[in-house]
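Numbered continuously in this note's numbering, the sequence shown closes out at residue 269.
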Amino acid sequence: MTLCKARIHSLESFSTQDGPGIRYLIFMQGCPARCMYCQNPDTWDRSGGTLVTADEVFEKIERCLPYLSSSNGGVTVSGGEPFLQPDFLVELFTLCRKNSIHTAIDTSAFYSKDTEAKKINKLLRLTDLFIVDIKSSSINLHKNITGRELEEPLSFIKKLEKKNSPYWVRYVLVPDLNDSDEDVDGLKTIMSNLKNCKKLEFLPYHTLGKHKWEHLGLKYPLENFRTATPEDMKKALDRFGRDYHGKI
Ligand code: SF4
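As structure tokens, then:
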């Protein structure tokens, strides 16, 4: 029986975007960042969402096991910032491990002031894959975009390297915000020192979450920015180079 309750925003039983195979997605409630292009500002409020136990969520995951297993998929926890509620994740991933279900956490690693390192280390042992979001390779721009320090995801990545834990890196490309040659070169410099990154994903910026800002009465910060086109993506990839040892 699991004990702690966590606040979750929502569950999605079928995703092919957030880890290998078909994924069961859990969106956690609460985030300490305020990213300019956040698609889920309705996850920010730490007192919102629905309280659940790991047992309750695992029961729902179990119903999806036939297609999760046959696709070599599993469970991905996203958010919000998953690291704000590590006790729940430890309980849920312990259940997953016992049942041989692959686990992933999609995080921006904004946890340094919010979560004890001991708990994060426990999670490292229970998580099969981390997907780490880097919002900019520039210290100042990262702070502007997220309100948090670039050092946070970078020091988490260092930890993953040290522990030999597999991870992917994700970068949302926003035209005229974080797609300049300097930004892409900066990312390349960061990535060139990483041995254990299995994949780098460039994702095109879109505005699908904009209506949520409006619904919450918030001003959308990227009002005058356009979505990323295939040409924008190609330009960044060409600049980055396709010789990266991880899979782009
Ligand atoms: S870390 Fe994720 S959930 Fe939090 S504000 Fe940024 S994009 Fe939104």
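We put the CB at the ideal spot given by N, CA and C, even for glycine.
- With contacts defined by Cβ atoms closer than 9 Å, Val195 and Tyr58 form a contacting pair.
- The secondary-structure analysis by DSSP pairs Ile29 across a beta bridge with Met49 and Thr71.
- In this structure, the alpha-carbon of Val98 lies about 30 Å from that of Gly262.
- Measuring C-alpha to C-alpha distances from Leu239 to each of Asn61, Lys26, Pro187 and Pro53 identifies Asn61 as the nearest.
- Residue burial annotation: Ala138 is exposed, with fewer than 16 other C-beta atoms found within 10 angstroms of its C-beta.
- For the segment 61 to 110, the full-length alpha helix (DSSP H) segments reaching 4 residues or more read 75 to 84 and 86 to 91 along the chain.
- In the structure shown, Leu194 adopts extended strand secondary structure according to DSSP, grouped into three states.
- Scanning the segment 209 to 237 from its first residue to its last, the whole alpha helix (DSSP H) runs of 4-plus residues come out as 231 to 236.
- Under the three-state reduction of DSSP, Phe35 is assigned to strand.
- When only Cα atoms are considered, Asp259 and Cys218 end up about 20 Å apart.
- Within 8 Å of the C-beta of Phe151 there is not a single heavy atom belonging to ligand 1.
- Short of 7 Å from the beta carbon of Arg118, and not among the five residues preceding or following it, lie these beta carbons of its own chain, in chain order: Leu147.
- Close CB contacts of Glu235 within its chain, under the 8 Å cut and outside five residues either way in sequence, are with Tyr241 (chain order).
- Out of Ala125, Lys179 and Tyr226, the CA that lies nearest to the CA of Phe48 is found in Ala125.
- When the five nearest sequence neighbours on each side are left out, no beta carbon in the same chain lies closer than 6 Å to the beta carbon of Leu175.
- DSSP, reduced to helix, strand and coil, places Asp253 within a helical segment of the structure shown.
- Boundaries for Phe177: no beta strand (DSSP E) harbours it, while the alpha helix (DSSP H) harbouring it runs Glu172 to Lys184, taken from the DSSP string.
- Taking a 10 Å sphere around the C-beta of Glu244, we find fewer than 16 other C-beta atoms and assign the residue as exposed.
- According to the DSSP assignment, Ala125 belongs to the beta strand (DSSP E) that extends over His123 to Thr128.
- Secondary structure note for Leu150: its beta strand (DSSP E) is the uninterrupted segment Leu150 to Asp154.
- By the CB criterion at 9 Å, Asp108 and Lys81 fall outside the cutoff.
- As the crow flies, the alpha-carbon of Thr23 is around 26 Å from that of Ser129.
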